[in-house]
Amino acid sequence: MRIDEVTGGSPYGASTIAGGSGERMPSDKELNAARFQGKHVAEIKKKLKAQFSVQFES
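The sequence shown begins at 1 in UniProt numbering and counts up by one.
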């Protein structure tokens with residue numbers, strides 16, 4: 001992270017800072033972070049679904 005650019009994100013997940021009127025678009029770094037988080041959460045969901053479906057079928 002550099003101090004001469006605005007970058008969104010927090011311990012709670014991907015975010016962006018849009019400004020009061022929405023004049024700022026998400027940066028490439030922010031979009032990449034959001035995509036990574038989305039893929040990561042989807043993988044966790046897949047693993048949990050597989051684990052719980054096996055438990056309930058038995």
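Heads up, the beta-carbon is just placed ideally off N, CA and C, and yes, glycines get one too.
Asked: Buried/exposed call for residue 59, threshold 16 Cβ in 10 Å; Found: Beyond the ends of the chain as shown, which are 1 and 58, falls residue 59; an answer cannot be given.
Asked: Three-state class that DSSP yields for GLY22 in the structure shown; Found: coil
Asked: For SER53, three-class secondary structure by DSSP; Found: helix
Asked: Cβ pair GLN37, GLY13 closer than 7 angstroms; Found: yes
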